[in-house]
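Enquirer: My questions will all concern the structure given below.
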Amino acid sequence: MSSEPMPDDLDASSAGRRRRAGFLAALLAVVGVVLLVVASCSSQSGPPQPNAAQAAGVSSATAGSVTSAPSATATTAPKSTAPPKTTAPPKTTAPSKTSAPPKTTAPPKTTAPPKTTAPPKTTAAAPLTLPASAPTSISIPSIGVQSSLLDLGQNADGTIEVPSLDDPDSKAGWYDKSPAPGSLGPSIVLGHVDSKKYGPGVFYELGNLQPGAQIDIARKDGTTAVFKVDRVVSYPKDDFPTLSVYGNLDHAGLRLITCGGVFDSDAGSYESNIVAYATLVSTA
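Heads up: the sequence shown runs through residues 70 to 353, numbered per the numbering used here.
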């Protein structure tokens, strides 16, 4: 694995809160984000790298239409009648009164269109979360991943413990200071991309993972947390987005992390990290 930034202090208030607090505490130091280090990958070049479409993820937009209001109907007033002519008799008589022109009829009032009733406001459903339960295995059918999960803690120097490179099965591991998969927050799963001794590792194909793909994580309580991939991004190790990967979430999220980019033979590690972001969508 690569150098990964992580928070460092633990809050001892409760088991669930202790995990989250220990995971997220001290993200900000005196001059910025505190970075913890993960041991580097040790391998050769060649694993798939995510493209721009994978990094962008899936988005959708909807457009509404506007209806025009009905126009008013114009009315025409009738013409007035001219008075009759008078005849001069031997005796002068008063001329007959002229008939007053009929009153014009006022145009009918137009009826305003009925007011549209606003649809009732819908209350946003709370995001799906599961009670905390440690994970036991991970499955990603679209890229052929099937692995039991190790419990990973921290080394004495504050770096994140990583799976052993001397493991022919190249098992992935869950960082146990992060939320359990399915619980609120970003659950962190680490895996090697490859190794000199055994070749391709458990997350060798992570760069091929597509947005919308399914990730299943079995848990000790017998449930399976089902996640959908949001995006897959490659980051230079010296520009790792700490808050995007490890920061607080308002939903149950998952982060799969491995090495990627160009292999630096002098340093014996890759220059980048590949991160897959996913969101809990159901449970089985």
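Idealized CB from N, CA, C, for every residue including glycine.
Would the region 304-312 count as touching the region 265-274 if we require 3 or more Cβ pairs under 8 Å?
Expert: Counting Cβ pairs under 8 Å, fewer than three are found: no touch.
Enquirer: I'd like the span of the beta strand (DSSP E) that includes Y267, first residue to last.
Expert: First-last for Y267: undefined, no H or E at that position.
Enquirer: Tell me the DSSP bridge mates of S338?
Expert: Per DSSP, D333.
Enquirer: Please say whether P255 and L318 have beta carbons closer to each other than 8 Å?
Expert: Yes, the pair counts as a contact, with Cβ atoms nearer than the cut-off.
Enquirer: Could you pull out every residue in the same chain whose Cβ sits closer than 8 Å to the Cβ of A98, ignoring the five residues on either side in sequence?
Expert: Interpretation of A98 is limited by its pLDDT of 35, a score under 50 that renders its predicted location unreliable; the figure taken from the coordinates is listed afterwards. Same-chain partners within the cutoff: there are none.
Enquirer: Is G276 helix, strand or coil by DSSP?
Expert: In this structure, G276 counts as helix in the three-state DSSP scheme.
Enquirer: Measuring only the C-alpha atoms, how far is T142 from T186?
Expert: Unreliable positioning characterises T142 in this predicted model, as indicated by a pLDDT of 37, which lies under 50. The coordinate reading is nonetheless provided below. Whole-angstrom Cα-Cα distance: 25 Å.
Enquirer: Tell me the DSSP bridge mates of A287?
Expert: Answer is S206, T293, bridged to A287.
Enquirer: DSSP beta-bridge partners for S303?
Expert: Looking at the DSSP assignment, S303 forms a beta bridge with I343.
Enquirer: Do you know whose CA, among T192, A194, D245, lies nearest A201's CA?
Expert: The residue with the shortest Cα to Cα distance from A201 is D245.
Enquirer: What would DSSP say about V314, mapped onto helix, strand or coil?
Expert: Correct three-state label for V314: helix.
Enquirer: Whose C-alpha, out of Y315, V344, L312, A241, is nearest the C-alpha of N277?
Expert: N277 has its Cα closest to that of V344, out of Y315, V344, L312, A241.
Enquirer: Step through the CB atoms of chain B and report whether any lies within less than 8 Å of the CB of D220.
Expert: Reference to chain B is not applicable here, since this structure consists of a single protein chain.
Enquirer: Figure out for me which residue from L221, V262, D290 has the closest Cα to the Cα of T247.
Expert: Here residue 247 is Ser; the residue named in the question, Thr, does not match the sequence. S247 has its Cα closest to that of L221, out of L221, V262, D290.
Enquirer: For A124, which residues from the same chain have a beta carbon less than 8 Å from its beta carbon, with the 5 sequence-adjacent residues on both sides left out?
Expert: Hits under 8 Å: R300, V301, V302, S303.
Enquirer: My guess is that I284 and V298 are in contact by the Cβ rule of under 8 Å, so how many angstroms apart are they, rounded?
Expert: Between V298 and I284 the Cβ distance is about 7 Å, and since that is below 8 Å, they are a contact.
Enquirer: Would the beta-carbon of K190 fall within 8 Å of that of L219?
Expert: The answer is no: Cβ separation not under 8 Å.
Enquirer: Give me the Cα-Cα distance between D235 and L259, rounded to the nearest whole angstrom.
Expert: Each residue's Cα considered, the two are about 15 Å apart.
Enquirer: Do you know offhand how far P280's Cα is from I326's?
Expert: Cα-Cα distance, rounded: 15 Å.
Enquirer: Could you check what DSSP says for A282 in three-state terms: helix, strand or coil?
Expert: Reduced to three states, the DSSP call for A282 is coil.
Enquirer: In angstroms, rounded to a whole number, what distance separates the CA positions of Q223 and A193?
Expert: Cα-Cα distance, rounded: 38 Å.
Enquirer: For V352 versus L199, is the C-beta distance shorter than 8 Å?
Expert: The displayed chain sequence assigns Thr, not Val, to residue 352. Yes. Within cutoff.
Enquirer: For S216, which of A225, R324, G126, D238 has the nearest alpha-carbon?
Expert: If we check each option's Cα against that of S216, D238 comes out closest.
Enquirer: How far does the beta strand (DSSP E) with Q215 in it extend, from its first residue to its last?
Expert: Counting along the chain, the beta strand (DSSP E) containing Q215 begins and ends at 214-221.
Enquirer: Just curious, the beta strand (DSSP E) that A241 is in, first and last residue?
Expert: Its beta strand (DSSP E) spans residues 241-244.
Enquirer: Going by CA-CA distance only, name the one from I212, S334, A287 that's closest to K382.
Expert: This structure gives no information on residue 382, because the portion of the chain shown stretches from 70 to 353.
Enquirer: Return helix, strand or coil for D308, following the three-state DSSP convention.
Expert: Looking at D308 - three-state DSSP - the assignment turns out to be helix.
Enquirer: Run through the DSSP bridge pairs and tell me what P255 is partnered with.
Expert: G322, per the DSSP bridge assignment.
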